[in-house]
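As structure tokens, the structure follows; a few thoughts come after it.
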Amino acid sequence: MAAIDQMPLVKSVVYECLRIDPPVPLQYGKAKRDFTIESHDAVFNVKEGEMLFGFQPFATKDPIIFDRPEEFVADRFVGEGENLLKYVWWSNGPETESTTVGNKQCAGKDFVVLITRLFVVELFRRYDSFSIDVGASALGSSITMTSVKRGSTRRVI
């Protein structure tokens, strides 16, 4: 696992995938207390008991926060870009926060990121190149691998 921690680009690629096409884009819940929500240019008062609805891509593709928000940028979260992780809300809360009983953030969020990083590493370890077709589906993006070229040397890890 120490080796995967030395691969910041792989980590960034995974976060960029989660940013650009969150697996659970819709969240809702009832306000437990009165509070205020602030956007870049407005303030909204929310009363206890009101139903709230969130559409993650509004946050994860915000052009004020993310340069070229509709474009996949593999190294977006490398170096200083890691500061943008607080705006990645794929798991029902900021990526920089931990899951607690009270915040409803996905309990498996760290596992999802880890296993996806391992998948990306294995994909590039096993194949020298591959081709894909990207399309749309009812649930978001659709990716079909159209060809793969197995690596010339195989190492057992």
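Counting from 171, one number per residue, gives the positions in the sequence shown under this note's numbering. C-beta atoms are modelled at their ideal positions from N, C-alpha and C, and glycine is treated no differently.
On the three-pair Cβ rule with 8 Å, is the segment 188 to 199 touching the segment 245 to 264?
yes
Kindly indicate which residue of ALA173, PHE242, LEU293 and PRO227 has the alpha-carbon position closest to the one of MET315.
LEU293
Do the CB positions of ARG246 and SER182 come within less than 8 Å of each other?
yes
Indicate the three-state DSSP secondary structure (helix, strand or coil) for ASN253 in the structure shown.
helix
Which listed residue (ALA244, ILE234 and LEU222) has its alpha carbon closest to that of ASP211
ILE234
DSSP three-state call for PHE392: helix, strand or coil?
Examination of residue 392 is not possible in this model, given that the chain is present from 171 through 327 alone.
If you draw a straight line from the C-alpha of GLY263 to the C-alpha of ASP298, how long is it?
36 Å
Going by beta carbon distance, what residues of the same chain come within less than 8 Å of PHE236, once the five residues before and after it are set aside?
ARG189, THR230, ARG246, LEU254 and TYR257
At the level of alpha carbons, what is the spacing between VAL184 and CYS276?
16 Å
By Cβ distance, which residues of its chain are closer than 7 Å to VAL213, with the 5 residues on each side in sequence left out?
THR206
By how many angstroms is the C-alpha of PHE223 removed from the C-alpha of VAL216?
12 Å
Is the separation between the beta-carbon of VAL180 and that of ARG287 shorter than 8 Å?
yes
State yes or no: is the C-beta of GLU186 within less than 8 Å of the C-beta of VAL243?
yes
Output the distance between the C-alpha atoms of LYS274 and TYR198, rounded to the nearest integer angstrom.
11 Å
Here's a check: name, in chain order, each residue in its chain whose Cβ is nearer than 8 Å to the Cβ of VAL291, leaving out the five neighbours to either side.
ILE174, MET177 and VAL180
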